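Sequence positions in the sequence shown follow the UniProt record's numbering and run 1 to 352.
Notes to accompany the following structure.
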Amino acid sequence: MRRLLGTMLVILIGLVAAVAIGFYPTLSSAPAADDDEQQGFDREIVIKFSHVVAENTPKGLAAQDFARRVYQKTDQRVKVEVFPNAVLYNDTDEVDALMNGNIQMIAPAFSKISQYVPAWQAFDLPYAFLTDQAVQEAFDGEIGEILFKKLKSKNMIGLSYWSNGFKQMTSARGPLIHPADFKGQQFRIMPSDVLKAQFRLFGAKAVAIPFDEVYRGLESGFVDGGENAISNIDSKKFYQVQKYMTISNHGYLGYAVLMNKEYWDKLPDDLKGLISEALKETTEWANQNAVVMNARQLQEIYDRSMMQIHIQTPEERREWMRVWEPIYEEFEGVIGKDLIDRIRQLQKKYGG
């Protein structure tokens with residue numbers, strides 16, 4: 001059975017890579033995950049960029065790539081200092097730090113922003129996006145634009161959207177095939193009422209835990225499982241303390257690249273243009289790399305761990321979707337009918 005699953009994963013990874021290469025016109029090699037390359041920069045203008053994940057994840061690599069491009073394009077006038085792994089601020093504190101001007105730049109998960117702008121829970125809706133193409137259309141289109149506009153009153157400027165990947169379910173207690181399998185378990189979530197409702201409808205409990213404390217929570221048994229992108233499950237070694245994973249693609253983990261509005265407004269226009277140009281190039285590379293990277297890391301988890309991996313069937317997905325359908329109506333007043341209608345249109349376009 002495990003050999004058969006391994007074959008299925010190889011096929012799945014091949015399809016994902018083919019889609020990524022077909023969807024994005026060019027593939028460049030990944031930047032080295034080495035902070036030493038940032039040393040020696042001139043300090044005329046310094047942008048401190050804080051994030052909470054490892055350097056060898058889609059966001060970690062994107063942040064380093066962005067720093068390098070900015071340094072080159074501005075002829076060393078601007079240095080982006082990257083602080084990974086929550087060394088400056090964890091994901092509970094980073095948005096406050098940005099709004100207060102204690103840090104210039106962050107790239108939080110969407111759920112973290114929803115504490116300040118509840119409409120951002122649109123990205124937490126279950127099965128909101130069914131393909132990577134749907135995600136990219138949401139980022140580049142009116143959904144992404146509408147949500148960025150809502151940040152200005154909070155002293156934040158939205159500059160770009162970075163991809164990580166679709167979220168998968170994991171547990172230490174048993175396989176997660178049907179909604180009933182979740183009953184009685186406790187799952188780690190990012191702070192979001194939508195995510196809390198998601199587990200409630202499956203008969204489970206949900207608790208918000210900062211990302212840098214998730215491994216400890218899983219290891220101690222404080223929580224039985226969680227939902228996360230493959231890259232985070234791999235880089236943080238959650239597979240060491242979780243026995244079961246369902247490839248459900250039920251949610252999407254992405255990041256909003258944000259800058260403190262007061263800081264951005266004071267930058268010279270020529271530097272704003274160069275920084276935006278660098279970010280656009282990084283985003284194009286990072287979003288295609290995330291798709292390929294998650295597929296590769298899924299194979300690595302399979303190879304190095306004894307985790308039992310189940311690939312959700314279409315019928316199982318429909319079963320989950322039926323149970324979660326009331327969430328859309330429940331949160332229409334919070335998220336906004338306009339945003340939900342736009343998500344519904346994407347679902348129809350991409351196979352919902």
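Glycine is no exception: its CB is placed at the ideal position from the N, C-alpha and C atoms.
These numbers were taken from a predicted model, which means no experiment stands behind them.
Selection from Y263, F202, I106, D212 that minimises the alpha carbon distance to S160: Out of Y263, F202, I106, D212, I106 has the C-alpha closest to the C-alpha of S160.
Secondary structure of K272, DSSP reduced to three states: In the three-state reduction of the DSSP assignment, K272 falls in the helix class.
Helix, strand or coil at E262 [DSSP, three-state]: In the three-state reduction of the DSSP assignment, E262 falls in the helix class, which pools H, G and I.
Length of the line joining the Cα atoms of E55 and G254: Inter-residue distance for E55 and G254 is about 16 angstroms (C-alpha atoms, whole angstroms).
For K73, the nearest candidate out of Q288, E281, E329, L346 (CA to CA): Ranked by Cα distance from K73, the options Q288, E281, E329, L346 are led by E281.
Under the three-state DSSP convention, the category N102 falls into: Here DSSP, grouped into helix, strand and coil, assigns N102 to coil.
Touching by the beta-carbon criterion (3+ pairs, under 8 angstroms), the segment 141–153 and the segment 171–187: No: fewer than three Cβ pairs fall under 8 angstroms.
DSSP-derived helix/strand/coil call for E81: It is a strand residue.
D124 beta carbon less than 9 angstroms from that of G251: Cβ distance < 9 angstroms, so G251 and D124 count as in contact.
For K112, the nearest candidate out of P126, Q104, V95, A122 (CA to CA): Relative to the Cα of K112, the nearest Cα in the group P126, Q104, V95, A122 belongs to V95.
Under 9 angstroms between C-beta atoms of V46 and V80: For V46 and V80, yes; Cβs fall inside 9 angstroms.
Beta-carbon proximity check, Y350 vs F211, cutoff 9 angstroms: By the CB criterion at 9 angstroms, Y350 and F211 fall outside the cutoff.
Burial state of R216 (16 or more Cβ within 10 Å): R216 is exposed by the Cβ-count criterion.
Q186: first and last residue of the uninterrupted beta strand (DSSP E) it sits in: It spans 186–189 - the beta strand (DSSP E) in which Q186 sits, taken as one unbroken run.
Beta-carbon contacts of R69 that lie in its chain and below 7 angstroms, excluding the five residues immediately before and after: A278, E281, T282.
Inter-residue Cα distance where the pair is N228 and S235: C-alpha separation (whole angstroms): 11 angstroms.
Cβ-Cβ distance between V78 and L274 below 9 angstroms: Yes. Within cutoff.
N85 versus F66 - alpha carbon distance: Each residue's Cα considered, the two are about 17 angstroms apart.
Cα-Cα separation between L267 and V257, rounded to whole angstroms: A straight line joining the alpha-carbon of L267 with that of V257 spans about 17 angstroms.
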